[in-house]
Every structure is written in C-alpha cells, then in structure tokens.
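Residue numbers (the working numbering): 31 to 209.
Here is the structure we will look at, set down as structure tokens.
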Ligand SMILES: [Zn+2]
C-alpha cells in the first residue's frame, strides 16, 4: 500500500484504484464537531475503510467505525456512556449535482480537493450515528435522584457543621467541673 499507515489525509481515488483498506485510530477529543455535541472524552475511535471502484467506475468507500461517547440520559440528565457503531457506504463525488445521480445504496461524500482528512469522514459518521435519545439501563438510572441528592447534601452539610462546632454544653460542663 502506497499510503502511509498513519497519514490522516488520504486520496480516496488513488486508494480506490488500489482497492486499498486502511485502519485508523483517532482520539475523540481531536474531533471538534463531535466534542461540541458530546463533550470531551478519552475515547478512541477506530475506523476501517475499504476503497474500490464500482462497475460505473465510481469511487466507493465502505467503512466501519466504533467508539464510545458520553451523552445525556433523557430520564435523569446524567451522562451515560453510549457505544457508537456505524457502518457506512460512501460514494465520492465532486459536486452537489453529481451527488444527486448516485444510487440509493450510497451516501454522497462531496470532495472538492484531492485529499480528505479521515477525521472529517469520521466526524460526519459519528454525528449521524449518535442516538436521538439515550437512557441508562433501568438499574443504573438515577431517575428521581436529582431532588433526593439535594436533600442528602443538606443532611451531610448539617452533620458536618454540627461536628465542626464545639459543643457548647461540653465546654460548660468542663468549666463546672473545674470549679
Ligand atoms: Zn439515567
């Protein structure tokens, strides 16, 4: 394979001519459009892409990516780690017009330069694959916990403050004993 294993900028046409496959591992944090939606995370994104020409000589990218992201649980509003898996089949075209002519089984990837950053493809696909709504499993969900947690914090604060204050009665009793 001519392309360096680590380069993120790829020439999909050349890779399709070579029937090449590539694998990449990216840090989720390096994908600003994804971070904007799901927040920062230590997750890795692994992506595999296979390139070929179809019988119409179209440049096709078939890909698979996996990662995990923290999204908001719609029930308790706490973060929930969500596995994100996406399988995609892209047809590389050079214009919106060309995008309209591709068969339905492909999604268009409009490319105006010769090279594309793998991260751009990965960002698009993660954003498309993000679930509209996410929930914890019932046992893990803090449903109704938000008001209860405030109560707990108040109780803890009360306990702490009464522990920290010297007990006035014990001081008095000591003084009395000394007399
Ligand atoms: Zn929840």
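Ideal Cβ placement from N, Cα and C applies to all residues, glycine included.
* **Residue from 146, 144, 128 with nearest C-alpha to residue 138** => As a working note, residue 138 is residue 108 in the chain shown. Answer by Cα proximity: 128.
* To do: Evaluate contact between the stretch 103-111 and the stretch 55-67, counting only Cβ atoms and requiring at least three cross-stretch pairs below 8 Å.
  => Here the stretch 103-111 makes no contact with the stretch 55-67; the two share fewer than three CB pairs at distances below 8 Å.
* To do: Specify which residues have a beta carbon nearer than 5 Å to any heavy atom of ligand 1, listing them in chain order.
  => Per the CB criterion, closer than 5 Å to any heavy atom of ligand 1, the qualifying residues run in chain order as 103, 105, 106, 166, 171.
* To do: Return helix, strand or coil for residue 133, following the three-state DSSP convention.
  => The sequence position of residue 133 within the chain shown is 103, counting from 1. In the three-state scheme derived from DSSP, where H, G and I count as helix and E and B as strand, residue 133 is classed as coil.
* Asked: Does the separation of the CB atoms of residue 47 and residue 88 fall below 9 Å?
  -> What you label residue 47 is simply residue 17 of the chain shown in a count that begins at 1. What you label residue 88 is simply residue 58 of the chain shown in a count that begins at 1. Judged by beta-carbon spacing, residue 88 lies beyond the 9 Å limit of residue 47, meaning their Cβ atoms are not closer than that value.
* To do: Out of 38, 41, 40, 173, point me to the one whose CA is closest to residue 109's CA.
  => Here residue 109 corresponds to residue number 79 of the chain shown, with the count starting at 1. The residue with the shortest Cα to Cα distance from residue 109 is 173.
* Asked: What's the C-alpha gap between residue 54 and residue 85?
  -> In the chain shown, the residue the question calls residue 54 occupies position 24. In the chain shown, the residue the question calls residue 85 occupies position 55. C-alpha separation (whole angstroms): 27 Å.
* When we look at the beta-carbon of residue 118 and count the other beta-carbons within 10 Å, is it buried (16 or more) or exposed? -> Here residue 118 refers to the residue found at position 88 of the chain shown. The residue is buried, with at least 16 neighbouring Cβ atoms inside 10 Å.
* Kindly list the residues whose CB is nearer than 6 Å to the CB of residue 153, restricted to its own chain and excluding five residues on each side of it in sequence; keep chain order. => Reading the chain shown from its first residue, position 123 is the one you call residue 153. Only 61, 63, 64 meet the Cβ criterion.
* Any idea if residue 101 is buried or exposed, counting beta-carbon neighbours within 10 angstroms, 16 or more meaning buried? -> Here the question's residue 101 lines up with position 71 in the chain shown. Per the 10 Å Cβ criterion, buried.
* Residue range of the alpha helix (DSSP H) that includes residue 113 -> Indexing the chain shown from 1 puts residue 113 at position 83. In the DSSP assignment, residue 113 falls outside any alpha helix (DSSP H) and within the unbroken beta strand (DSSP E) covering 109-123.
* **Paired residues, beta bridge with residue 138 - DSSP** => Indexing the chain shown from 1 puts residue 138 at position 108. Paired residue(s): 121.
* Asked: Which residues in the same chain have their Cβ closer than 6 Å to the Cβ of residue 166, if we skip the five residues on either side of it in sequence?
  -> Sequence index remark: in the chain shown, residue 166 carries index 136 (1-based). Cβ neighbours of residue 166 beyond the five flanking positions: 103, 110.
* To do: Since I believe residue 70 is in contact with residue 52 (beta carbons under 8 Å), could you give me their beta-carbon distance rounded to a whole number of angstroms?
  => Stepping through the chain shown from its first residue, residue 52 is reached at position 22. Stepping through the chain shown from its first residue, residue 70 is reached at position 40. The pair is not a contact, with the Cβ atoms about 26 Å apart (cut-off 8 Å).
* **Expected contact under 8 Å - CB spacing of residue 157 and residue 41 to nearest Å** => In the chain shown, the residue the question calls residue 157 occupies position 127. In the chain shown, the residue the question calls residue 41 occupies position 11. Not quite, the Cβ-Cβ distance comes to about 24 Å (not below 8 Å), so this is no contact.
* Asked: Using a Cβ-Cβ cut-off of 6 Å (strictly less than) and excluding sequence neighbours within five positions of residue 79, which residues of its own chain qualify?
  -> Start at 1 with the first residue of the chain shown, and residue 79 comes out as number 49. These residues qualify, in order along the chain: 52, 91, 93.
* In terms of residues, what are the limits of the beta strand (DSSP E) holding residue 91? -> To locate residue 91, count along the chain shown from 1; it is residue 61. Unbroken beta strand (DSSP E) run through residue 91: 89-102.
* To do: Give me the Cα-Cα distance between residue 56 and residue 45, rounded to the nearest whole angstrom.
  => Against the chain shown, residue 56 aligns to sequence position 26. Against the chain shown, residue 45 aligns to sequence position 15. Computed Cα separation, rounded: 20 Å.
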